[in-house]
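Student: For the sequence shown, the residue numbers in my numbering are 3 to 324. No residue lacks a Cβ here, since even glycine has one placed at the ideal position from N, Cα and C. Just so you know, these numbers come straight off a predicted model, no measurement behind them.
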Amino acid sequence: MLRYLTAILFAIAANVLLQAPARAFYPDHIVKIVVPFAPGGGTDVVARTLAQEMQKDLGVTVIIENKPGAGTIIGTQSVAASPADGYTLLMATFANAVNPSLYRKLPYDAHRDFVPVALVARSFNVVVVNPASPIKSIADLIAAAKADPEKLSYGTYGTGTSAHLAGELFKHMASVNLTTVPYKGAAPAITDLLGGQIQVMFTTVASCASLVEAGQLRAIGVTSAERSASFPQLPTVSEAGVPGYAAESWYGLYAPANTPPDVIDRLNKSAAKAVQAEAFRKLSVNEGLVMVAQPPAELDRYFTAEEGRWRKVIQDAGIKAE
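#1: Using the three-state DSSP reduction, which class does N288 fall into: helix, strand or coil?
#2: Answer with buried or exposed for A168, where buried requires no fewer than 16 other C-beta atoms within 10 angstroms of its C-beta.
#3: What residues are listed by DSSP as bridge partners for S251?
#4: Just to confirm the assignment, what range does the alpha helix (DSSP H) spanning A191 have?
#5: Determine, using beta carbons only, whether V119 and L91 come nearer to each other than 8 Å.
#6: Once DSSP output is grouped into helix, strand and coil, what is the label at K39?
#7: Taking the alpha carbon of G290 as the point to measure from, which residue in E228, L255, A299, N260 has its own alpha carbon closest?
#8: Taking all protein chains shown into account, do 16 or more other C-beta atoms lie within 10 angstroms of the C-beta of K148, making it buried, or fewer, making it exposed?
#9: Would you please state the rounded distance, in angstroms, between the beta carbons of V33 and V81? I believe it to be under 8 Å.
#10: Should the stretch 261-277 be regarded as contacting the stretch 118-137, the criterion being three or more beta carbon pairs within less than 8 Å?
#11: Ordered along the chain, which non-local residues of its own chain (more than five positions away) have a Cβ less than 8 Å from that of Y156?
#12: So, helix, strand or coil for V48, using DSSP?
#13: Touching or not, the stretch 238-257 and the stretch 216-228, by the rule of three or more beta carbon pairs under 8 Å?
#14: Any idea what DSSP makes of L4, helix, strand or coil?
#15: Figure out for me which residue from D142, K58, P102, D59 has the closest Cα to the Cα of T78.
#16: Going straight from the alpha carbon of A299 to that of A49, what length do you get?
#17: Who are V131's beta bridge partners in DSSP?
#18: Cα separation between Q317 and V100?
#19: Identify the continuous beta strand (DSSP E) that holds Y156 and give its terminal residues.
#20: With the cut-off set at 8 Å, would you say A279 and E55 are in Cβ contact?
#21: Please state whether DSSP places V214 in a helix, a strand or coil.
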């Protein structure tokens, strides 16, 4: 009888092991991070650095697949339609939180079709002017805009981008009028700023740091809630004249909905370890990043808050995707 029971228990145990999901051994092959932007941009740089560091911890190759187009919709939709096994991830950004407000209909649901993995980093924009401009501070900018409401214009690197919405939030909170001039990228906007066609610009650290250092642009503030290591001498817009102002962008990892919790936990811990690497310390200064590596629940909370916050800004300003 004992031998019979032992045989039954052994058979049951063997059957359980045979039916155990493959995720018990996760990961056992290549992990892919989809970047919904073209190669070379800020999101791509962050994703590639993250992939390089995570693969050291995961023990498998982590690759980047760039799927740009339609304001991140193409790449995002491809991840939503992928198997929920942890082998296809999305590098989400600020755009993913604002797209539900910019587009009348999306081919996916930002909450239903994805599960958060890790909030990786936050970033900000810099407020810059032409060095020949009499505007030397945020207070000067506000005063000039109020003195002549039709005179000043600001450039952005695209409709609905973090820079664009940072400018719209500034206009609202400072009670000023600035004419919005959208460009297809930061470079042409900076060219017009240098040429005097526009008077101010909200732009990324990467696009303006070298020009500020060379004296070709004057930085007057940062849009983050706290001062940045990239420009420690610059005040935040909040402390410089618009109390409570803060406008940040961010980077976060998502997986398709129904990805097993143990896989999400493994990826989250790997991402948290990755952002402590020296490569990210250098990147944080060059790109104006604050590395955070927060858990899935925090990313979910943060995304929901950002989605609601920017929805109001978009609706009040009457912004629609081009």
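Tutor: The relevant details are as follows:
#1: helix
#2: buried
#3: S125
#4: 188-197
#5: yes
#6: Strictly speaking, residue 39 in this sequence is Phe, with Lys absent from that position. In the structure shown, F39 sits in coil (DSSP, three-state: anything other than H, G, I, E or B).
#7: E228
#8: exposed
#9: The Cβ separation is near 12 Å, so there is no contact.
#10: yes
#11: G169, L180, T181, T182, V183, I200, Q201, V202, M203, F204
#12: helix
#13: yes
#14: Note that L4 scores a pLDDT of 46, beneath 50, so its modelled location is shaky; the value from the coordinates is reported in the next line. It is helical.
#15: P102
#16: 21 Å
#17: V202, R220
#18: 11 Å
#19: 155-158
#20: yes
#21: helix
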